[in-house]
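Asks: Here our numbering runs 1 ahead of the position in the sequence shown, where the first position is 1. Beta carbons: idealized from backbone N, C-alpha and C, even for Gly. For clarity, every value in this text was computed on a predicted model and none was experimentally measured. Sharing a structure, written as structure tokens. Questions coming.
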Amino acid sequence: MVLLEGGQGIGKTGLLRAARATDAARDVQWRQARGSDRETDFAFGVVRQLFEDIVTGAPDALSGAAALAADAVRPLTEPGAASTEITHAVTHGLFWLVADLADRGPLVLCVDDIHWSDAASVRFLDHLAVRIEGMPVLVLAAARSGEGTMAFGPVARLAEQPTARTLTVPPLDRDAVATVVRDRLGPQAGPDLCDACGTASGGNPFLLTELLDELARTSQGALSEAASVAELAPSAIIRSLQLRLEHLAGDAGRLVRAAALLGDGADLAIAAHISGLTFDDAAEAADELVRSSVLLPGRPLRFVHPVVQSAALALVPSARRSAMHRAAAIRLDRVAQLDAAAAHALATDPCGDPAVLDLLRRAGRSARARGVPDVASTYLRRALREPPAEADHADVLLELGTAAALAGEEDAGFLLEEAHRRAPSPGARLAAALAAGDLLALRGRPAEAVDIVRDALAGDELPTEMQDLARGMLAMWSITTVTGRRASATVMPPASSLVRVLGADAPPPLLAIAAFELAAATGTATEAIATAHRAWADGQIIHLFPPGAPFPFMAIFGIALAGDLACAERWTAEAERASTAAGSALGAFGASMHRARLRLTRGDVRGAAADAQGALEIARQGVRMALLQPLAVATLMTTLVESERLAEAEALAAEPHAGVDPSSKFSIPFFAARASVHAARGRHAEALADLEICRAWERAWSAPAGAWTDWRLQATRAHLALGDRDNAERLAREALERGSHFGSAQAVGLGLRAKALVASGAVAADLAQESARTLREGGLILEAARSTLLLSLALRAVGQVDRARELACDCAATADRLGAHTLHGEASRALIAMGARPRRRPSTGIDALTAAERRVVDLAADGMTNREIAQTLFLTPKTVENHLTAAYRKLGITSRAGLSDALGAAETV
């Protein structure tokens, strides 16, 4: 990525044209665009210039992941519903559009005046810059220096990318100025005159050209009068240009003003319309302007330089501008150029014009649907000033508030609450309440979210679908924090209770939340599994809501906690496929996070670490993942402890993480995981302090059952380490009672292990053996191995050393295969104590793969191509290739043909 930086008129555009004219440019795909001060509020305006011809010229380029870019490169005729995901989806699709084009041959994306580009297009270029390395792609852009362009803002951030180089375009030096002067005025121009021209223009090519034009007109025969030239300054040269434009007579003068107001690249027919000319008269006037070196030859109408456009625009009286902008907006809207029309509508004076109001609202919906809510907010804020009629005011406020919320603007909550207050009907009131409530809950204010929706639900004649969604959202907020649960209780009973009351009429959102609630805190495994299946409805729930919606993932949570791991894995794969197809970052995060937890439950420590790391990488892309982010952190922290990487685990535990809240259900696993870090370091009192947070949350939540964490088992070990046997025995008894009541293999098996820890002799051995059997039958290989080691220690204590040694050896082998180095170390120490020599852990093979390499290798082993892996993991093909190359070396293979055998141990898990 190369950024040409320089002042106005310094020659950046000329350099871009020169690059296009080189022999090398003939061998590449060249796509170009130009920013405009009139188009800074377009939705992907520059992107559309770069790629819009693909829609008709090469539609096959918009296939696969690139299809997600379609909404950026063509206008939407029927804007759909927007979500937090669309911006990411479109940007992801644009990257793959570039990647697909680059596969056909080297590609140059040339953007002039990037400082005037719309924010969405610059965000895409920023996204591309991070991923461009290794691709045959050059981004060549020109930016005007000054006004802070290169010091702050989106272009400055673009320039800071490691793949970007900034080249400053300097003024012409003395020799260059002399060359230009003599080329224009003739070889008789002396050194003094050349130097005077250089001083007057400052070496600026545009100003020098204007100066020479003026000299050619007024100083014939006086080329030696260098002193008079030296008196000129850049401002005087610009004034000379303005005077020349002012003297353009008749049709040419009217057309140049209209073209300047429309912006560079104006359509001749529209310029004719707003200047009051016939098309033929406008065409003749355009030709005259070309002869006068004001416009470039050809169509559309383009000025020879932005300075000329600015000078022409200054000639339009301010009193006339609003009327001309309105005429342009209406005309552009009629020819289906909605974004261009909206840009002119923004520049009109508010006057209660229904046509302008309607145009701005449609433009806002279109921009929001294309993933640029900040642009939608700009349009809708202007619409609110028009102003709308009282009957429409609440609708505009709702549209604006929703766009502002998606764009992360501070006043979004106020706008949505005002929309709720002014809503004219119960349905509109509930729609505004749901939007406001979602934002409030996201910002950590679930009680306020519940209040606003509760009031709206009191209305009459509400659509059933809206009521179902409202109850689902209330249930979602009720499982988020203790405060949210208490507030929701004033509106309706817990989701699990309400599902029992509604029976067959319970809607999918409520069923999904109930499945999670039953599994996590209030029910049994059997109830949770049945409710989750009702919610999932053979996958229909995935298609009922936008990609990344919470309800499918809540159903997955429920069935996974209840112990049906195979079903949870299938559902996770289905949800991931849907998220990948939609380009949903939130959906991809949810799938990676769930798969990480499932792998950890199965005992695949390496695979769990890879997925947890992948989830956290995706989580950095959006605030809406903050709620669930602690779960991914907890999973990664646990894998680090299991992998005997305690320093990394401690560092992760000490970092400030988004979303961590002691009152939040989704943060409790974080505190349990941090307790395991403390315990691994022998800090048992600190471990108990974190586990006390788990206990306090459980009491505050009134959770009589469920299998959300195994904090009692952890606390039992900590109390034993501190010599507090009474509390250890009490907690072990509770763990088994609750586990037996819930009924999943994990809950029962861990409860049995807790009891075995506080027992002795043959009783301890029997409990440990039953724990290992239960966990093994449930598919929890690592936990079964841990109980097997406890059985080994119990048998050794009663004199069965040979059997104890055999079991410890099996445990060490299983731990090694799973990447559970901490357990491997414990088993090895037990073997040494029994007089055996444990095997050394290998330092190559699967164990040597990084988390990122493991993610890529697993997908490659499943038959995915490099491109499919890259699209699934939001990576570049080059990154995937690098990961595979490193993995092959560590696994001792030369191609993916050997992956199945190399990953045999992981597949066994």
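#1: Under the rule that 16 or more other beta-carbon atoms within 10 Å means buried, what is residue 96, buried or exposed?
#2: Please state whether the Cβ-Cβ distance between residue 535 and residue 503 is less than 8 Å.
#3: Indicate whether the contact test is met: 3 or more Cβ pairs, each with one atom in the stretch 797-808 and one in the stretch 776-783, closer than 8 Å.
#4: Could you pull the DSSP bridge partners for residue 305 from this structure?
#5: Determine which residues share a DSSP beta bridge with residue 5 and list them.
#6: Tell me, please, which residues DSSP counts as bridged to residue 113.
#7: From this set, 739, 261, 582, which residue's C-alpha is nearest residue 68's C-alpha?
#8: From 358, 691, 404, 416, pick the residue whose C-alpha is nearest to that of residue 389; which is it?
#9: Report the CB separation of residue 283 from residue 273 in whole angstroms; it is logged as a contact under 8 Å.
#10: Restricting to runs no shorter than 4 residues, where is the alpha helix (DSSP H) found entirely within the stretch 702-746?
#11: Suppose contacts are defined by Cβ-Cβ distances below 8 Å. Is residue 323 in contact with residue 350 by that definition?
#12: Where do the N-terminal and C-terminal ends of the alpha helix (DSSP H) with residue 883 fall, by residue?
#13: According to DSSP, is residue 492 helix, strand or coil?
#14: In three-state DSSP terms, what is residue 915?
#15: In terms of alpha-carbon separation, which member of 480, 676, 648 lies closest to residue 520?
#16: Please report the distance separating the alpha-carbon of residue 416 from that of residue 326.
#17: Can you check the stretch 540-608 for any alpha helix (DSSP H) of at least 4 residues that lies completely inside it and give the ranges in chain order?
#18: According to DSSP, residue 296 sits in a beta bridge with which residue or residues?
#19: So, with DSSP's three-state summary, where would you put residue 138?
#20: According to the neighbour-count rule (16 or more other Cβ atoms, all chains shown, within 10 Å of its Cβ), is residue 838 buried or exposed?
#21: Using a Cβ distance threshold of 8 Å, determine whether the stretch 137-147 contacts the stretch 104-117, with at least three qualifying pairs required.
#22: To the nearest angstrom, report how far apart residue 276 and residue 356 are at their CA atoms.
#23: Within this structure, are the beta carbons of residue 436 and residue 402 separated by less than 8 Å?
#24: Roughly how many angstroms separate the alpha carbons of residue 43 and residue 551, rounded to a whole number?
#25: Can you name the start and end residues of the alpha helix (DSSP H) that residue 156 belongs to?
#26: Only counting the same chain, and skipping five residues up and downstream in sequence, which positions put a Cβ closer than 7 Å to that of residue 79?
#27: From the DSSP output, which residues share a beta bridge with residue 57?
#28: Between residue 696 and residue 541, what straight-line distance do the alpha-carbon atoms span, to the nearest angstrom?
#29: Got a sec? Which residues, its chain only, sit under 7 Å from residue 775 by beta carbon, not counting five neighbours each side?
#30: For residue 267, which of helix, strand or coil comes out of DSSP?
#31: Tell me the DSSP secondary structure of residue 108 in three-state form.
#32: Does DSSP put residue 367 in a helix, in a strand, or in coil?
#33: Given a cut-off of 8 Å on the beta-carbon distance, is the pair residue 637 and residue 653 in contact?
#34: Is the stretch 786-796 close to the stretch 565-580, with three or more CB pairs under 8 Å?
#35: Under a Cβ-count criterion, where at least 16 other Cβ atoms within 10 Å of its own Cβ denotes burial, should residue 168 be classed as buried or exposed?
Replies: Concretely, from the data shown:
#1: For the purposes of this step, residue 96 is taken as the residue at position 95 of the sequence shown. Classification for residue 96: buried.
#2: Numbered from 1 along the sequence shown, position 534 holds the residue referred to as residue 535. Numbered from 1 along the sequence shown, position 502 holds the residue referred to as residue 503. With respect to residue 503, residue 535 sits apart: the two C-beta atoms are not nearer than 8 Å.
#3: The answer is no - the stretch 776-783 does not touch the stretch 797-808, with fewer than three Cβ pairs under 8 Å.
#4: Here residue 305 refers to the residue found at position 304 of the sequence shown. Per DSSP, residue 305 has no beta bridge partner at all.
#5: As a working note, residue 5 is residue 4 in the sequence shown. Bridge partners of residue 5: 143, 168.
#6: Here residue 113 is taken as the residue at index 112 of the sequence shown, counted from 1. Answer is 35, bridged to residue 113.
#7: To locate residue 68, count along the sequence shown from 1; it is residue 67. It is 582.
#8: Here residue 389 corresponds to residue number 388 of the sequence shown, with the count starting at 1. Nearest option by C-alpha distance: 358.
#9: Stepping through the sequence shown from its first residue, residue 283 is reached at position 282. Stepping through the sequence shown from its first residue, residue 273 is reached at position 272. Their Cβ separation, rounded to whole angstroms, is 4 Å, which keeps residue 283 and residue 273 in contact under 8 Å.
#10: The stretch 702-746 contains these whole alpha helix (DSSP H) runs: 712-722, 726-743.
#11: Numbered from 1 along the sequence shown, position 322 holds the residue referred to as residue 323. Numbered from 1 along the sequence shown, position 349 holds the residue referred to as residue 350. Taking 8 Å as the Cβ cut-off, residue 323 and residue 350 qualify as a contacting pair.
#12: One-based indexing of the sequence shown puts residue 883 at position 882. Note, residue 883: alpha helix (DSSP H), 878-892.
#13: Against the sequence shown, residue 492 aligns to sequence position 491. Residue state, collapsed to three classes: coil.
#14: With the chain covering only 2 through 910, there is no way to say anything about residue 915.
#15: The residue labelled residue 520 in the question sits at position 519 within the sequence shown. Of 480, 676, 648, the residue nearest in Cα terms is 480.
#16: Along the sequence shown, read from residue 1 onward, the residue named residue 416 stands at position 415. Along the sequence shown, read from residue 1 onward, the residue named residue 326 stands at position 325. Using only the alpha carbons, I get a separation of about 28 Å.
#17: Runs found: 541-545, 551-562, 566-583, 586-603.
#18: For the purposes of this step, residue 296 is taken as residue 295 along the sequence shown, with counting starting at 1. Looking at the DSSP assignment, residue 296 forms a beta bridge with 304.
#19: Residue 138 sits at position 137 when you count from the first residue of the sequence shown. In the structure shown, residue 138 falls within a strand segment according to DSSP collapsed to helix, strand and coil.
#20: For this step, residue 838 is matched to residue 837 along the sequence shown. Its Cβ having fewer than 16 others within 10 Å, residue 838 is exposed.
#21: Three or more beta-carbon pairs separated by less than 8 Å link the stretch 137-147 to the stretch 104-117, which places the two stretches in contact.
#22: The sequence position of residue 276 within the sequence shown is 275, counting from 1. The sequence position of residue 356 within the sequence shown is 355, counting from 1. C-alpha separation (whole angstroms): 21 Å.
#23: Taking the first residue of the sequence shown as 1, we reach residue 436 at position 435. Taking the first residue of the sequence shown as 1, we reach residue 402 at position 401. For residue 436 and residue 402, yes; Cβs fall inside 8 Å.
#24: The residue labelled residue 43 in the question sits at position 42 within the sequence shown. The residue labelled residue 551 in the question sits at position 550 within the sequence shown. The straight-line gap separating the alpha-carbon atoms of residue 43 and residue 551 is approximately 32 Å.
#25: Against the sequence shown, residue 156 aligns to sequence position 155. Unbroken alpha helix (DSSP H) run through residue 156: 155-160.
#26: By 1-based counting over the sequence shown, the position of residue 79 is 78. Note that residue 79 has pLDDT 41, beneath the 50 cutoff, so the model's placement of it is unreliable and the number below is only indicative. Cβ neighbours of residue 79 beyond the five flanking positions: none.
#27: Residue numbering aside, residue 57 sits at position 56 when the sequence shown is read from its first letter. Residue 57 pairs with nothing; no bridge assigned.
#28: For the purposes of this step, residue 696 is taken as residue 695 along the sequence shown, with counting starting at 1. For the purposes of this step, residue 541 is taken as residue 540 along the sequence shown, with counting starting at 1. So the alpha carbons of these two residues sit roughly 37 Å apart.
#29: As a position in the sequence shown, residue 775 is number 774, starting the count at 1. Taken in chain order, the residues that qualify are 746, 749, 750, 753.
#30: Mapped onto the sequence shown, residue 267 falls at position 266. When secondary structure is reduced to three states using DSSP, residue 267 falls in the strand class.
#31: As a first step, residue 108 is located in the sequence shown; it is residue number 107 there, counting from the start. It is a strand residue.
#32: Here residue 367 refers to the residue found at position 366 when the sequence shown is read from its first residue. Here residue 367 sits in helix by DSSP.
#33: Looking up residue 637 in the sequence shown gives position 636. Looking up residue 653 in the sequence shown gives position 652. Using a Cβ distance threshold of 8 Å, residue 637 and residue 653 count as a contacting pair.
#34: Judged by Cβ distances under 8 Å, the stretch 786-796 makes no contact with the stretch 565-580, as fewer than three pairs qualify.
#35: Translated into positions along the sequence shown, residue 168 becomes position 167. Exposed.
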